[in-house]
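Participant: Each residue of the sequence shown is one higher than the one before, counting from 367 in our numbering.
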Amino acid sequence: MNVTVFGTGYVGLVQAAVLAEAGHRVACIDIDEHKIERLRQGHIPIFEPGLEPLVKRNNESGNLTFSTNAPEGIAHGELIFIAVGTPPDEDGSADLRYVLTVARTIAEHMDDKKYIINKSTVPVGTADKVREEVTRALAARDALHLEFDVISNPEFLKEGSAVADCMKPDRIIIGTSENASEQKMRQLYAPFNRNHDKVIVMDVRSAELAKYAANCMLATKISFMNEMSVIADKVGADIESVRQGIGSDPRIGYHFIYPGIGYGGSCFPKDVQALKTTAAQLGLEPEILNAVESRNHSQKHYLLDKIVHRYGPDLSGKTFALWGLAFKPNTDDMREAPSRVLMENLWQMGAKVRAFDPEAMQECERIYGNRDDLQLCGTRDSALSGADALIVATEWQQFKTLDFEMVRSNLKDPLVFDGRNLYHPLDMAEAGFEYYCVGRPQ
Ligand code: UGA
367 MNVTVFGTGY
377 VGLVQAAVLA
387 EAGHRVACID
397 IDEHKIERLR
407 QGHIPIFEPG
417 LEPLVKRNNE
427 SGNLTFSTNA
437 PEGIAHGELI
447 FIAVGTPPDE
457 DGSADLRYVL
467 TVARTIAEHM
477 DDKKYIINKS
487 TVPVGTADKV
497 REEVTRALAA
507 RDALHLEFDV
517 ISNPEFLKEG
527 SAVADCMKPD
537 RIIIGTSENA
547 SEQKMRQLYA
557 PFNRNHDKVI
567 VMDVRSAELA
577 KYAANCMLAT
587 KISFMNEMSV
597 IADKVGADIE
607 SVRQGIGSDP
617 RIGYHFIYPG
627 IGYGGSCFPK
637 DVQALKTTAA
647 QLGLEPEILN
657 AVESRNHSQK
667 HYLLDKIVHR
677 YGPDLSGKTF
687 ALWGLAFKPN
697 TDDMREAPSR
707 VLMENLWQMG
717 AKVRAFDPEA
727 MQECERIYGN
737 RDDLQLCGTR
747 DSALSGADAL
757 IVATEWQQFK
767 TLDFEMVRSN
777 LKDPLVFDGR
787 NLYHPLDMAE
797 AGFEYYCVGR
807 PQ
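1. Spell out the partners DSSP gives P454 in its beta bridges.
2. Alpha carbon to alpha carbon, how far is W713 from L554?
3. In three-state DSSP terms, what is V567?
4. Closer than 7 Å to a non-hydrogen atom of the ligand UGA - does that hold for the CB of C803?
5. From the DSSP output, read off the bridge partner residues of F770.
6. If I'm right that V719 touches L756 with Cβ under 8 Å, what's the distance once you round it to whole angstroms?
7. Please specify which runs of the beta strand (DSSP E), each continuous and at least 3 residues long, are wholly inside the segment 529-616, giving them in chain order.
8. Using the Cα positions of C743 and F722, report the straight-line distance between them to the nearest angstrom.
9. Inspect the CB distances between the segment 557-567 and the segment 443-460 and report whether three or more fall short of 8 Å.
10. Closer than 7 Å to a non-hydrogen atom of the ligand UGA - does that hold for the CB of D723?
11. Thinking C-beta only, is P704 closer than 8 Å to K766?
12. In the DSSP assignment, the alpha helix (DSSP H) including Q808 goes from what residue to what residue?
13. Helix, strand or coil, according to DSSP, for R737 in the structure here?
14. Can you tell me the Cα-Cα spacing of N736 and E521, whole angstroms?
15. Here's the rule I'm using: 16 or more other beta-carbon atoms within 10 Å means buried, otherwise exposed. How should H390 be labelled?
16. Can you check whether the CB of C730 is closer than 8 Å to the CB of V638?
17. Kindly indicate the opening and closing residues of the alpha helix (DSSP H) around L417.
18. Once you ignore the five residues that flank V488 on each side, which residues in its own chain have a CB closer than 7 Å to its CB?
19. Grouping DSSP H, G and I as helix and E and B as strand, with all else coil, what is R786?
20. State the Cα-Cα distance for the pair L392 and P557, rounded to the nearest angstrom.
21. Less than 8 Å between the CB atoms is what I'm expecting for I627 and L669, so what's the real figure, rounded?
22. Output the boundary residues of the beta strand (DSSP E) element that contains R720.
23. Compare the Cα-Cα distances from V468 to each of K485, E456 and D478 and report the closest residue.
24. Tell me whether I757 counts as near the ligand UGA, meaning its Cβ is closer than 7 Å to at least one heavy atom of that ligand.
25. Taking 7 Å as the cut-off, is the beta-carbon of F522 closer than that to any non-hydrogen atom of the ligand UGA?
26. Would you mind reading off the limits of the beta strand (DSSP E) that contains Y481?
27. Which whole-angstrom value describes the C-beta separation of Y629 and I673, a residue pair presumed to lie in contact below a C-beta threshold of 8 Å?
28. Please work out which residues of its chain come closer than 6 Å, Cβ to Cβ, to R571, disregarding the five sequence neighbours upstream and downstream, and give them in chain order.
29. Comparing C-alpha positions only, which one of E418, Q647 and P780 sits nearest to D769?
30. Go ahead and label I618 buried or exposed: buried means 16 or more other beta carbons lie within 10 angstroms of its beta carbon, across all protein chains shown.
31. With DSSP collapsed to three states, give me the class of D515.
32. Measuring alpha carbon to alpha carbon, tell me which residue in D698, E414, A795 and I733 is nearest T760.
33. If you follow the beta strand (DSSP E) that L756 is part of, which residue opens it and which one closes it?
34. With DSSP run on the structure shown, which of helix, strand or coil describes V369?
35. Check the C-beta distance from A388 over to V371 and give it rounded, since I have them as a contact under 8 Å.
36. What's the gap between the Cα of R537 and the Cα of D680?
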């Protein structure tokens, strides 16, 4: 099928590459000329396992093209995805400017039936706004006879496993009330829907809300466990035992109940905030979402509280080794990362940071530039050199085994603050380490 994808961000690029790999002819359109030029040369703007070869291969075969020419893209695609950004507005609601601009552009240039598919995470009611925008622009050119439908098809990929998630989706939600649209979408996704039917068809608004509900539910699970970890700390229980004890109940499950120092990334914080705003605009008080957000905020300070408790509020003269900058492993993304709250507060209290991350070093440099109190170190081990203590902020695989002797010989004191519960308190005690983690007795 001929498909056009507007927006070559995370969602758009991965979706386009995966559809091209399945044999569809996909045109990617973006307004950023530099980005398009780089993509043509095979440079991927994000770190995402498996994406680069997929893009290169399909670009070379001609199944995947990149351009800034919107009219050409619109002529090409019978199905047109809108996958442009929806940054949060000042009041926390999603800014739909880019989505609606694409909708208008499609209407200004289309000359046959188009299936317009909302892939960006957008508030409930956006498909209707897109429909209005298209109708208005068609009317302006006297072209209301041209048919179109607006379909909601939310994306559920995770950063770090985006390609795999798209190749093997656990659900394909199609929000439409038109039979023709459902059939087109089923045809599009047929290569990904082989063994059992993963397609769930519903009305547009339910599809839009399902996306927010999924992310907010996951954020709720995490915040709930984070709150339990604080209680566990106070009552002297071990949150890891509690996690296993509750996860074994299939109604609760083992997924997404790992306590830590708060969720980050471009999705959970933004989506919780956006759904809160939607609720508030409707006169509702989103009590659970408020609590989820507030717990996440406190949790990002939880390890800092332990540091202050250990050293006092004046950290001048202290240096901390920080392992992990990305908001989670297998990505270079530092948006809303707990590491940022840690570093910024440590600096404010006068401390210096020696940081290492397997992928996010460049991103960290881009965000913070050169500063005296931040040393970006080339390896995990060199970050430790001369530091007073080690802080672990991201659970990268390579941090999971601790070479006690190496750590001890590099640090001034054998002291670890672990925001991801990577090590066992008993092993740490046996090795002579002072060890602080989340919700486990020392
Ligand atoms: C999330 C959702 O998982 C995807 O399904 C969704 O498609 C995506 O948002 C989106 O809306 O685009 P992502 O932001 O890539 O994906 O990251 P996750 O793997 O979900 O992790 C989010 C955060 O939760 C991370 O900061 C992670 O450290 C934290 N987390 C996760 C925990 O603290 N504990 C857990 O048990 C699991």
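We put the CB at the ideal spot given by N, CA and C, even for glycine.
Facilitator: Well, looking at it:
1. Bridge partners of P454: A460.
2. Taking C-alpha positions only, W713 is separated from L554 by approximately 51 Å.
3. Of the three classes helix, strand and coil, the one that applies to V567 here is strand, per DSSP.
4. no
5. None; F770 has no bridge partner.
6. Going by Cβ atoms, the distance from V719 to L756 rounds to 11 Å, so no, they are not a contact pair.
7. 538-541 and 565-568
8. Straight-line Cα distance between these residues: approximately 5 Å.
9. no
10. no
11. No, the pair does not count as a contact, with Cβ atoms beyond the cut-off.
12. Note, Q808: premise wrong, no alpha helix (DSSP H); not H, not E.
13. coil
14. 37 Å
15. buried
16. no
17. First-last of the alpha helix (DSSP H) with L417: L417 to S427.
18. Spatial neighbours of V488 in its own chain (CB-CB distance under 7 Å, excluding positions within 5 residues in sequence) are listed in chain order as T452, A460, L462, V465 and E574.
19. Coil.
20. According to the sequence shown, residue 392 is Val rather than Leu. Using only the alpha carbons, I get a separation of about 15 Å.
21. About 5 Å; that satisfies the 8 Å criterion.
22. K718 to F722
23. K485
24. Flag unset: Cβ of I757 not near the ligand UGA.
25. yes
26. Its beta strand (DSSP E) spans residues K480 to N484.
27. Actually they do not touch by this definition, with Cβ atoms about 21 Å apart.
28. V490
29. P780
30. exposed
31. In the displayed model, D515 falls within a strand according to three-state DSSP.
32. D698
33. Where L756 is concerned, the enclosing beta strand (DSSP E) stretches over A755 to V758.
34. strand
35. Contact flag wrong, Cβ pair sits at about 14 Å.
36. 50 Å
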